[in-house]
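Peer 1: Just so you know, the protein sequences line up as chains A and B, in that order.
Residues 58 to 847 in the working numbering are what the first sequence lists, from first letter to last.
Residues 215 to 372 in the working numbering are what the second sequence lists, from first letter to last.
Beta carbons are placed, not taken as given, at the ideal position from N, Cα and C, and that holds for glycine.
The following block contains the structure, expressed as structure tokens.
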Amino acid sequence: MATAQKYVGGGVLRKEDPELLTGQADFIDDLTFPGMLWLSVARSPFAHAKITSVDTSAAKAMPGVIAAWSGLDLADEWQGSLPCAWPVTEDIKMPTHWPVAQEEVHHQGEAVAVVVAETRAQAKDAAEAVVADYEQQPVVTDAEEALKEGAPLVHADLGTNKSYTWALSAGDVDKVFSSAPVVVKERYYHPRLIPNAIEPRGAVATTIPSQGEFTLYSATQIPHILKVALTAFTMANMSESKLRVIAPDVGGGFGSKLNVYAEEAMLLAAARRTGRPVKWIEERSENYLSTIQGRDVYQDVELAAAEDGKLLGVRAHLVADMGAYLQLVTPGIPLLGAFLYQGVYTPEAYDFVCTGVFTNKTPTDAYRGAGRPEATYAIERAMDALARRVGKDPVEIRRMNFMRPFMEPTDVISGLKYDSGDYGRQLDRALEIAGYEQLRKEQGARRDAGEVKQLGIGLSTYIEMCGLAPSQVLSALRYAAGGWDSATIRCLPTGKVVVVTGTSPHGQGHVTSWSQIVADALGVAVDDVEVLHGDTAVSPLGMDTYGSRSLAVGGVALHYAAQKILDKARRIAAHELEVSEDDLEYEAPAFSVKGAPDKARTIPEIAFAAWTAHSLPPDTEPGLEATHVYDPGNFTFPAGAHICVVEIDIETGEVRIEKYVAVDDCGNVINPMIVEGQIHGGIAQGIAEAMFEEGVYDENGNLMTSSMTDYLVPSAVELPAFELDRTVTPSSTNPMGVKGIGEAGTIAAPAAVVNAVVDALSYLGVTDIEMPATPERVWRAVRQATGGAA
Amino acid sequence: MARVEVTVNGAMREADVEPRTLLVYFLRESLGLTGTNVGCDTSSCGACTVLLDGESIKSCTLLAVQADGREVTTIEGLASNGELHPLQESFHRNHGLQCGYCTPGMIMAAVSYLKENPSPTEEEVRESLEGNLCRCTGYQNIVKSILDAAGQLSGTKA
């Protein structure tokens, strides 16, 4: 019996590509239905105002307009607010959040009325004809200002701008900090980021009125969660069993499509009221105001250390801007980093406090990395500050503080159990690729020569956590959903295999990777595996795709489902071959009798036998199909070492990345090409945060960076080529030894880049550059450090 | 309404459009060619890039009526006789796409650029892509795909 080809770990080209390369993919705006109407939204120009009236009469009179509704007109469509599924504390303040504002708006771009018309252009024209009158209210746009006595209240009925304070402490913090010979204090601000998936959001709701059935097609990362959340919390009188949610081809998400959005609720309401399909496609200018944003966090960070730089304590106090409302997981984002401030080191005291604050800005929520870039930035920049203080090289300070290599779950001070790690090896490899010694020599030579272009070298030895689980731990954190995911493998009688997954990819290549896993387990060709996803009618059980969870949870579910298939196949093979199960051995794709390899049954043969059911063992159901729902026992902890080398023109402040080296460890790898692609894109977004992007509001709450011409999403010109390598330290959390890689680059890169910028200028006495490190900021820092002489 | 006649992917197509209709919506909604995507409203992202008389343009910057009497090639017209264009092949081979939303625009921009400069350097390829944004790939494999295709295309000619 020939052994089947092995695919896992190999360079299988993506099965997703052909339709995407030829224009045959179906993104949300490509979908159209007979009789379809278009929805357009009238939005508030003000960041905070009472709505005194909304007049839709002019809009209703326009050509093609079917209906126009104010927030009050739609009030009976909702049973409650748009949901927040992560109320992080018992006493958290949660404002009411109607899909369409009824009495007051709290950020620029909030919906005040909805129009449906026959065409896209008619709907848009009519939305512009809605006349809303406002009484402007005072505005607060900075989270620290919002906490001050007398600050304008975003939600007067809450009586405070503070949503919550969440704290975590371990060890004798006061004693460690009061007795430590060295304490470094740092303050960091993470700019507000606008996610900018290149496909804007959009959705279509269809209905069969006589049955009360609805289908929502949405450019979402979370069709499963959306179905539950919309029917459980927001839509009045809409049965979960009569709502189907479909994510078509989705053009990127990065967390921005991980939400329950007002427009999705509006579309269901509009379909219910008109009995017709209704579509809404977000324009980019709307996206900048009405899609969630990321970061916007102040961090006060302190490290306590011995005189030699041995780390003793970590303290991080955060003020996190929630924006005007709590979207799906807004308050929980800082908690995704809250347990990671020890990084890959071993302090004995730990203190984390985060205060979530309302401002009159677009809500924040998950944006690639979500909490973990903040934690990594805090510890990795502060470690450089500590190195400077104790006169050590950034490499040395890290090496002396690393956790020792470990392959089994290991406790860390914050209460987590890291799954496995070998942090020194990753750093050694990165230093070797970068040519660290030579770079330091070059840096010294340029300094000695007083060159205009100075070199900076920045390290980031990051760790992150993926695969939010187990579900019980999520409950303890007050997260409303579980951490499991599901997989079904269906062996068809013709030898083909259908896989149904609860993950919902939007660029991550799950179809290819999942095919590789199943092809290897069952010994079939990778092209004989069809992967179905993103449709709640096809894949009823799922927790979707976010937080680098898909492989570590959904992929592992697939592994277990394959084991169940093999268990049943073994029973059937033993029955057919008239031997006991113990007499069989399995080498994909066949079970054969030990010592008599010619007596064998392949998986396709068994699948056919299971389908005909002519001769199955007693008490065996026909068919060869298995489902497994996997709830991991722990998180996974990818880690790595990134090195950024910058050249800075100290006369102009221009920063150029000369070299970027990334050595990542995501455990075992299914598809190296896909993993590298994820790292490339992640680093690009991390560099963007460090050097280019910042969402800026004026004091009235107007978004100043309101288009792609003002907000600097980097192009190919601004980004360098990345040099990648990896180490493999299998995870102890799951039997596949996999960890996750979707966010690693974005988590690691900001600290590497800014450490490099500060390193380049440290000889001048510069110790900090705020992100994004624009030429102006760098130039000012140089001027200030040199007393204006630069 | 204005009558527009455009040769699209080699075939004469005509439709009555509102004068304000952008070329991209004429292609997508009048002709059903949905491979060309829209990613912004400021001509920044390049997702809507097509060829007009053989040269790349952003189809959101042109009115459909301005294309009257001219030739347009979209991503749907790039493969011939069932064979993918070398750029489509090289994007596949080099993992030059993830979500795929910017991909048609990237490929059309590259088709046009490689005609202009058949053997570019990496830096020149990066500069040629300045008007096309991708949020997934960090551009690394897009640049690699285009350099790879350039090699293939010049190899074919030689």
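So, does the CB of G308 (chain A) fall closer than 8 angstroms to a CB anywhere in chain B?
Peer 2: Walking along the first sequence from the start, residue 308 (chain A) turns up at place 251. For G308 (chain A), the answer is yes, since a Cβ of chain B falls inside 8 angstroms of its Cβ.
Peer 1: Between P646 (chain A) and D655 (chain A), what straight-line distance do the alpha-carbon atoms span, to the nearest angstrom?
Peer 2: Stepping through the first sequence from its first residue, residue 646 (chain A) is reached at position 589. Stepping through the first sequence from its first residue, residue 655 (chain A) is reached at position 598. Cα to Cα, P646 (chain A) sits roughly 14 angstroms from D655 (chain A).
Peer 1: Using only alpha-carbon positions, find the residue among A:Q841, A:C701 and A:P787 that is nearest to P777 (chain A).
Peer 2: Taking the first sequence and counting its residues from 1, one reaches residue 777 (chain A) at position 720. The candidate whose alpha carbon is nearest that of P777 (chain A) is A:C701.
Peer 1: Is the CB of A261 (chain B) under 8 angstroms away from at least one CB in chain A?
Peer 2: The residue labelled residue 261 (chain B) in the question sits at position 47 within the second sequence. Interface residue, yes.
Peer 1: How many Å lie between D505 (chain A) and M457 (chain A) at the Cα?
Peer 2: Counting from one through the first sequence, the residue named residue 505 (chain A) turns up at place 448. Counting from one through the first sequence, the residue named residue 457 (chain A) turns up at place 400. Each residue's Cα considered, the two are about 29 angstroms apart.
Peer 1: If you draw a straight line from the C-alpha of Q312 (chain B) to the C-alpha of T275 (chain B), how long is it?
Peer 2: As a working mapping, residue 312 (chain B) is identified with position 98 in the second sequence. As a working mapping, residue 275 (chain B) is identified with position 61 in the second sequence. So the two alpha carbons sit approximately 26 angstroms from each other.
Peer 1: Is the Cβ of A423 (chain A) closer than 8 angstroms to any Cβ of chain B?
Peer 2: Reading the first sequence from its first residue, position 366 is the one you call residue 423 (chain A). No, no contact with chain B.
Peer 1: Smallest Cα separation from P362 (chain B): which of B:S270, B:G283 and B:Q302?
Peer 2: Here residue 362 (chain B) refers to the residue found at position 148 when the second sequence is read from its first residue. Residue identity differs from the one stated: residue 362 (chain B) is Asp in this sequence, not Pro. Shortest Cα-Cα distance from D362 (chain B) to any of B:S270, B:G283 and B:Q302 involves B:Q302.
Peer 1: Looking at chain B, is there any beta carbon in it that lies within less than 8 angstroms of the beta carbon of H563 (chain A)?
Peer 2: Locating residue 563 (chain A) in the first sequence gives position 506, where the first residue counts as 1. By this cut-off, H563 (chain A) is an interface position.
Peer 1: If you run the structure through DSSP and keep just helix, strand and coil, what is A225 (chain B)?
Peer 2: For this step, residue 225 (chain B) is matched to residue 11 along the second sequence. Of the three classes helix, strand and coil, the one that applies to A225 (chain B) here is strand, per DSSP.
Peer 1: Would I436 (chain A) pass as a contact of G400 (chain A) if the rule is Cβ separation under 8 angstroms?
Peer 2: Counted from its first residue, the first sequence places residue 436 (chain A) at position 379. Counted from its first residue, the first sequence places residue 400 (chain A) at position 343. Against a cut-off of 8 angstroms, the Cβ pair of G400 (chain A) and I436 (chain A) comes out as a contact.
Peer 1: Expressed to the nearest angstrom, what Euclidean distance is found between the alpha-carbon atoms of V686 (chain A) and I282 (chain A)?
Peer 2: Within the first sequence, numbered from 1, the residue matching residue 686 (chain A) stands at position 629. Within the first sequence, numbered from 1, the residue matching residue 282 (chain A) stands at position 225. Each residue's alpha carbon lies about 16 angstroms from the other.
Peer 1: Thinking C-beta only, is D378 (chain A) closer than 8 angstroms to T433 (chain A)?
Peer 2: If you number the first sequence from 1, residue 433 (chain A) lands on position 376. If you number the first sequence from 1, residue 378 (chain A) lands on position 321. It is not a contact, given that the beta carbons lie outside the stated cut-off.
Peer 1: For the region 190-259 of chain A, list the beta strand (DSSP E) runs that are entirely contained and at least 3 residues long, ordered along the chain.
Peer 2: 219-227 and 239-250
Peer 1: Specify the secondary structure class of K299 (chain A) as computed by DSSP and reduced to three states.
Peer 2: Numbered from its first residue, the first sequence carries residue 299 (chain A) at position 242. In this structure, K299 (chain A) counts as helix in the three-state DSSP scheme.
Peer 1: Is I108 (chain A) near V169 (chain A), with beta carbons less than 8 angstroms apart?
Peer 2: For the purposes of this step, residue 108 (chain A) is identified with residue 51 of the first sequence, where counting begins at 1. For the purposes of this step, residue 169 (chain A) is identified with residue 112 of the first sequence, where counting begins at 1. The answer is yes: Cβ separation under 8 angstroms.
Peer 1: Just reading off the beta strand (DSSP E) that A745 (chain A) is part of, what are its end residues?
Peer 2: Taking the first residue of the first sequence as position 1, residue 745 (chain A) is located at position 688. Segment P729 to M748 is the alpha helix (DSSP H) holding A745 (chain A); no beta strand (DSSP E) there.
Peer 1: What residues of chain A sit near P318 (chain B), judged by a beta carbon separation below 7 angstroms?
Peer 2: The residue you call residue 318 (chain B) lines up with position 104 of the second sequence. Correct list: G80.
Peer 1: Give me the Cα-Cα distance between D767 (chain A) and C723 (chain A), rounded to the nearest whole angstrom.
Peer 2: Here residue 767 (chain A) corresponds to residue number 710 of the first sequence, with the count starting at 1. Here residue 723 (chain A) corresponds to residue number 666 of the first sequence, with the count starting at 1. Those two C-alpha atoms are separated by around 36 angstroms.
Peer 1: Hey, does T766 (chain A) have any beta-carbon neighbour from chain B nearer than 8 angstroms?
Peer 2: The count along the first sequence starts at 1 and reaches residue 766 (chain A) at position 709. Chain B contact via Cβ: present.
Peer 1: How would you label H671 (chain A), buried or exposed, when you count the other beta carbons within 10 angstroms and need 16 or more for buried?
Peer 2: Start at 1 with the first residue of the first sequence, and residue 671 (chain A) comes out as number 614. Label assigned to H671 (chain A): exposed.
Peer 1: From E330 (chain B) to E337 (chain B), what does the alpha carbon distance come to, in whole angstroms?
Peer 2: What you label residue 330 (chain B) is simply residue 116 of the second sequence in a count that begins at 1. What you label residue 337 (chain B) is simply residue 123 of the second sequence in a count that begins at 1. Going from the Cα of E330 (chain B) to the Cα of E337 (chain B) covers about 15 angstroms.
Peer 1: Along chain A, which residues have their Cβ under 9 angstroms away from the Cβ of R307 (chain B)?
Peer 2: Taking the first residue of the second sequence as 1, we reach residue 307 (chain B) at position 93. Within 9 angstroms Cβ-Cβ: L70.
Peer 1: Output the distance between the C-alpha atoms of Y398 (chain A) and A373 (chain A), rounded to the nearest integer angstrom.
Peer 2: One-based indexing of the first sequence puts residue 398 (chain A) at position 341. One-based indexing of the first sequence puts residue 373 (chain A) at position 316. Separation of Y398 (chain A) and A373 (chain A) (C-alpha to C-alpha, rounded to the nearest whole angstrom) is 8 angstroms.
Peer 1: Measuring only from the beta carbon, is E715 (chain A) closer than 7 angstroms to any heavy atom that is part of the ligand FMN?
Peer 2: In the structure shown, the ligand FMN is absent, as is every other ligand, since no ligand is present at all.
Peer 1: Residues bridged to W135 (chain A) by DSSP?
Peer 2: For the purposes of this step, residue 135 (chain A) is identified with residue 78 of the first sequence, where counting begins at 1. Note: W135 (chain A) sits in a beta bridge opposite A:M292.
Peer 1: Have a look at M119 (chain A) and R177 (chain A) and give me their C-alpha separation to the nearest angstrom.
Peer 2: Within the first sequence, numbered from 1, the residue matching residue 119 (chain A) stands at position 62. Within the first sequence, numbered from 1, the residue matching residue 177 (chain A) stands at position 120. M119 (chain A) and R177 (chain A): Cα-Cα distance of roughly 13 angstroms.
Peer 1: Restricting to Cα atoms, I'd like to know which of A:G394, A:A801 and A:M761 is closest to G428 (chain A).
Peer 2: Locating residue 428 (chain A) in the first sequence gives position 371, where the first residue counts as 1. G428 (chain A) has its Cα closest to that of A:G394, out of A:G394, A:A801 and A:M761.
Peer 1: Please compile the residues from chain B whose C-beta is within a distance smaller than 8 angstroms of the C-beta of R333 (chain A).
Peer 2: In the first sequence, counting from the first residue as 1, residue 333 (chain A) sits at position 276. Listed along the chain, the chain B residues whose CB falls inside 8 angstroms of the CB of R333 (chain A) amount to none; the nearest CB is some 18 angstroms away.
Peer 1: Output needed for D585 (chain A): all residues of its chain with C-beta closer than 8 angstroms, excluding positions within five of it in sequence on either side, in chain order.
Peer 2: Walking along the first sequence from the start, residue 585 (chain A) turns up at place 528. Correct list, in chain order: G552, K553, V554 and A576.
Peer 1: Quick one: list the residues of chain A neighbouring Y315 (chain B), beta-carbon separation under 7 angstroms, in chain order.
Peer 2: As a working note, residue 315 (chain B) is residue 101 in the second sequence. What Y315 (chain B) touches in chain A: F84, I255, E256, G308 and G309.
Peer 1: Measuring CB atoms only, is the region 229-236 of chain A touching the region 404-423 of chain A, in the sense that at least three cross pairs come out at less than 8 angstroms?
Peer 2: yes
Peer 1: Mind the definition here: the region 323-337 of chain A touches the region 213-220 of chain A only if three or more C-beta pairs lie below 8 angstroms; say whether that holds.
Peer 2: no
Peer 1: Straight-line CA distance for V358 (chain A) to Y245 (chain A)?
Peer 2: As a working note, residue 358 (chain A) is residue 301 in the first sequence. As a working note, residue 245 (chain A) is residue 188 in the first sequence. Roughly 8 angstroms separates the two Cα atoms.
Peer 1: So which residues of chain A does T351 (chain B) contact, with C-beta pairs closer than 7 angstroms?
Peer 2: As a working mapping, residue 351 (chain B) is identified with position 137 in the second sequence. Those are G734, H737 and G738, listed as they occur along chain A.
Peer 1: From the DSSP output, in three-state form, read off I700 (chain A) for me.
Peer 2: In the first sequence, residue 700 (chain A) corresponds to position 643, counting from 1. Correct three-state label for I700 (chain A): strand.
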